[in-house]
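Colleague: Pasting a structure below so you can have a look.
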Amino acid sequence: AVVSTQSTGDEKPEQVFKGYESLVSQCQGVRRKVEYDWNMVYLARASTEAPAHIEWTVKCKMPITQATITMSHTTFEAGTVLWSCCDLGQQANPQYHANFADIDLTKLVGMKEFRISAKMSDSDWQHTQLFRTEVGQEKDLFLINLKF
């Protein structure tokens with residue numbers, strides 16, 4: 026799997042969602058690509074779509090007390106990826122960042138639901154890649170850890 030998503034809380038056993046598709050709420054022009062010659066796998070913009078975006082929605086039964094989220098992307102030449110993480114009420118006007126690490130996750134404290142989005146530029150499809158890793162490698166390049 027390209028993505029592992031984990032949600033944990035003290036009151037119940039760990040809940041694990043595997044695969045990038047498990048929490049996808051919107052996806053336009055994004056596909057999973059395997060490069061057998063380079064032994065790499067990632068999400069990329071479909072070659073016929075420009076620009077592309079993917080969105081994951083997380084809904085919890087209890088308010089979040091702490092959140093740790095890891096995202097990764099690789100770009101080449103003129104490719105760009107922009108990330109956002111916000112409550113569902115900010116659908117119309119989310120703030121996007123070039124690096125997911127620049128997003129202040131303390132804003133998720135007290136929320137029960139939020140959305141993570143990635144927008145990929147309309148450069149050549151292979152120039153914007155999410156969660157690039159070697160085929161078969163078990164590495165958490167998309168990881169959500171929540172405490173309640």
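Start counting the sequence shown at 26; every next residue gets the next number (the numbering used here).
Glycine residues also receive a C-beta, built at the ideal position from the N, C-alpha and C atoms.
Hey, out of V55, A69, I89, L168, whose CA is closest to G135's CA?
Modeller: Among V55, A69, I89, L168, the Cα nearest to that of G135 is on I89.
Colleague: Name the DSSP beta bridge partners of V49, please?
Modeller: DSSP output for V49 lists W81 as bridge partner(s).
Colleague: Secondary structure at K164, three-state DSSP: helix, strand or coil?
Modeller: If DSSP states are grouped into helix, strand and coil, K164 belongs with coil.
Colleague: What whole-angstrom Cβ distance do C110 and F156 have, given they're in contact under 8 Å?
Modeller: In fact, because the Cβ distance is near 16 Å, the residues do not count as touching under 8 Å.
Colleague: Can you check DSSP and say which residues form a bridge with S142?
Modeller: S142 pairs with E80, S109.
Colleague: Hey, quick one: how far does the beta strand (DSSP E) through E159 stretch, first residue to last?
Modeller: Its beta strand (DSSP E) spans residues 153-159.
Colleague: Would you say M96 touches the ligand NAD, meaning its beta carbon is less than 8 Å from a heavy atom?
Modeller: As for the ligand NAD, it is missing from this structure, which has no ligand bound.
Colleague: Can you tell me the Cα-Cα spacing of K172 and Y67, whole angstroms?
Modeller: Cα to Cα, the separation comes out at about 28 Å.
Colleague: Residues in the same chain with beta-carbon distance under 6 Å from S148, minus the five sequence neighbours each way, listed in chain order, please.
Modeller: Result list for S148: A103, G104, in chain order.
Colleague: From what residue to what residue does the beta strand (DSSP E) around Y67 run?
Modeller: Start and end: 65-70.
Colleague: Need the endpoints of the beta strand (DSSP E) that H122 sits in, please.
Modeller: Looking at the DSSP string, H122 is not in any beta strand (DSSP E), and its letter there is neither H nor E.
Colleague: Would S142 be called buried (16 or more neighbouring beta carbons within 10 Å of its own) or exposed?
Modeller: With 16 or more Cβ atoms within 10 Å of its Cβ, S142 is classed as buried.
Colleague: Using the Cβ count rule (16 or more neighbours within 10 Å means buried), how would you classify K86?
Modeller: K86 is exposed by the Cβ-count criterion.
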